[in-house]
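Below: one structure, written as structure tokens.
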Amino acid sequence: MSEREGTVTQAIRADFSGLQDWLSLSVTELTKQQESLNAINVFPVPDGDTGTNLVATMRTVHQAITEAEPTGDLGHHLATAARQALGSAQGNSGSLVSVFLLGMGESLAGITTLTAPALAESLEAGRLRAWAALSEPVGGTILSVMEAASDAARARASQQKQRGHQKQSVPQGTVPQRTVPQCKRQLTGPETEPAALIGTLEEAWRAALREAEDTQVRLKDLTDVAVVDAGAVGFAIILNCLLAAVTHTAVDPEPYRDLPGYHDQGEIRIEQVEAADGVEVVCTVTASALDAALMRAALDAVGDSVVMSAMEPVSEHDPEYRGYNHANPSQKAATSEHTLSWRVHVHVPTETTALEIISKAGEPTDIAVTPLQHLAKHKSTRPHTAGQSSQGCNHAGTNHL
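The numbers in the UniProt record's numbering rise by one with no breaks, and the one at position 281 of the sequence shown is 281.
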């Protein structure tokens, strides 16, 4: 990590403009790191496209936000954009990040200015949605980084709440002077709301970076080739961009460039791993919660890496909706009576295996089928759809952009 020391007084952006900047910075930074992320993509399969899929996902979210008529409701905009990205997401990481952002957006419904408590709650909502989307969540991956960021943010926000009576006022839109040792934007001074938000973001970012580094020793697949998890690093980059957007500072890429096995030019570590057989099938299907549960169980029996998430958790006519709680039995009972749109991702021996199961729940649409192979140079730029030959199709499928 580089060393930058000094004090700064920084205006923060915690409104719609900050949201736009976050997504814009994420697209830019992930694009810079795309090949490096692809090069270390060895889990769950060495197909070398995590960076590509994350760029496409964040680009879709950013485009949707850019084209939207600003209403000031951060949650509405983020959830709508994330739902659009989920509908075209490819790969485990692209799907999970879309689901995570959707959870954040649902939690932020009605909020026009991001605060430390709102951030902490939204990170937890995103984590819950992402973990619930997987049939068999695996630690030491992007999921662990999501959890670490959420835990750190909630702990910091809780501390701020306990010290709330000690806060001192500062001019609106500014934070007190803060010291920046070793690229860490550490706050000093009274804990105003802007300062609390930056402090909470700092804690989440640092926790995410530490957890991303630990993935190299938590999964044998990663330990064998001495690399960190590509999706975990990608998510840490997205959080780094959120911190930069809110503080209106430049993104510092040095911290994650020093992660084990991660190189800016991208050493092809996936070449050290045996290529996977089978295909990745991704599609959208409309089905009841009960049929979706049966579909998930059937897919689990024939494949792996099953990711399923409702794109529209409850019927739109429900005026009391404030985000889907996966642990709430009453919401589960309510949604069982309605058909929902589900985004489905699975690795199976053949596309027919998955599509026959999915078709029993509803007619699959927006189908993309990708060989589980890592030779990206042999992938075409056109997405493969059901009924076409899967040889040489693009795993990212240009993400329907």
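Even for Gly, the Cβ is constructed at its ideal location relative to N, Cα and C. From a predicted model like this one, the values you see are computed outputs, not experimental measurements.
Check: In whole angstroms, give me the CA-to-CA distance for Ala-196 and Ala-207.; Outcome: 16 Å
Check: Just to confirm, is the Cβ distance from Gly-126 to Gly-75 under 8 Å?; Outcome: no
Check: Are there 16 or more other CB atoms within 10 angstroms of the CB of His-345, so buried, or fewer, so exposed?; Outcome: buried
Check: Is the Cβ-Cβ distance between Ala-85 and Val-61 less than 8 Å?; Outcome: yes
Check: How is Asp-214 classed by DSSP in three states: helix, strand or coil?; Outcome: helix
Check: Is the Cβ-Cβ distance between Asn-247 and Ala-232 less than 8 Å?; Outcome: Note that residue 247 is Thr in the sequence shown, not Asn. No, the pair does not count as a contact, with Cβ atoms beyond the cut-off.
Check: According to DSSP, is His-347 part of a helix, a strand, or is it coil?; Outcome: strand
Check: By a C-beta neighbour count over all protein chains shown, 10 Å radius and 16 as the cutoff for buried, is Glu-29 buried or exposed?; Outcome: buried
Check: Could you name the residues of the same chain whose beta carbon sits closer than 6 Å to that of Leu-375, not counting the 5 residues immediately before and after it, in chain order?; Outcome: For Leu-375, the predicted model reports a pLDDT of 38, less than 50, meaning its position is unreliable; a value from the coordinates is still stated below. For Leu-375, where only same-chain residues beyond five positions count, there are no Cβ hits under 6 Å.
Check: With DSSP as the reference, please indicate the residues paired to Glu-280 in a beta bridge.; Outcome: His-347 and Thr-370
Check: Helix, strand or coil for Met-311 per DSSP?; Outcome: coil
Check: Quick one: Cα of Leu-78 to Cα of Trp-131, how far?; Outcome: 19 Å
Check: Provide the residue(s) that pair with Asp-304 in DSSP beta bridges, ordered along the chain.; Outcome: His-347
Check: Check each candidate in Ala-11, Glu-147, Trp-205 and Asp-21 and name the one with the smallest Cα separation from Gln-63.; Outcome: Asp-21
Check: Give me the Cβ distance between Val-282 and Pro-371, rounded to the nearest whole Å; I'm assuming they're in contact under 8 Å.; Outcome: The pair is not a contact, with the Cβ atoms about 13 Å apart (cut-off 8 Å).
Check: Let me make sure I understand the geometry here. Which of Gln-33, Ala-11, Ala-14 and Ser-107 has the alpha-carbon closest to that of Pro-255?; Outcome: Gln-33
Check: How many whole angstroms separate the CB atoms of Arg-343 and Gly-87, which I take to be in contact at a CB cut-off of 8 Å?; Outcome: 6 Å
Check: Is Val-251 helix, strand or coil by DSSP?; Outcome: coil
Check: Hey, would you say Phe-16 sits closer than 8 Å to Ile-142, going by beta carbons?; Outcome: no
Check: Look at the alpha carbon of Ala-116 and the alpha carbon of Ile-367, and state the distance between them as a whole number of angstroms.; Outcome: 39 Å
Check: Using only the alpha-carbon positions, how far apart do Leu-23 and Val-307 sit?; Outcome: 24 Å
Check: Which ranges does the alpha helix (DSSP H) cover as unbroken runs of at least 4 residues, wholly within the region 26-76, from first to last along the chain?; Outcome: 50-67
Check: Between Ala-293 and Leu-340, how many whole angstroms is the CB-CB distance? I'm expecting something under 8 Å.; Outcome: That pair is no contact at about 11 Å.
Check: Applying the 10 Å Cβ sphere with the 16-neighbour rule, what's the burial state of Gln-160?; Outcome: buried
Check: Alpha carbon to alpha carbon, how far is Ala-298 from Ala-81? Give it in angstroms, no decimals.; Outcome: 30 Å
Check: Tell me the DSSP secondary structure of Ser-158 in three-state form.; Outcome: helix
Check: Do you know offhand how far Met-104's Cα is from Leu-128's?; Outcome: 10 Å
Check: Please go through the same chain and pick out, in chain order, the residues whose beta-carbon is closer than 6 Å to the beta-carbon of Leu-243, but skip the five residues on each side of it.; Outcome: Leu-201 and Trp-205
Check: Find the nearest neighbour of Arg-210 within the set Val-97, Gly-94, Val-145 and Lys-220, judged by alpha-carbon distance.; Outcome: Val-145
Check: Give me whichever residues DSSP pairs with Met-115 in a beta bridge.; Outcome: The sequence given here has Thr at residue 115, not Met. In DSSP, Thr-115 forms no bridge with anything.
Check: What's the gap between the Cα of Glu-351 and the Cα of Leu-102?; Outcome: 27 Å
Check: Ser-93 and Asn-53 - do their beta-carbons sit closer together than 8 Å?; Outcome: yes
Check: What is the rounded straight-line gap between the Cα of Asn-240 and the Cα of Ser-158?; Outcome: 22 Å
Check: Would you mind working out which of Asp-304, Pro-364 and Ile-358 sits nearest Pro-137, comparing C-alpha positions?; Outcome: Asp-304
Check: Judging by CA-CA distance, which residue of Val-285, Asp-300, Leu-134 and Pro-260 is the nearest neighbour of Ser-359?; Outcome: Val-285
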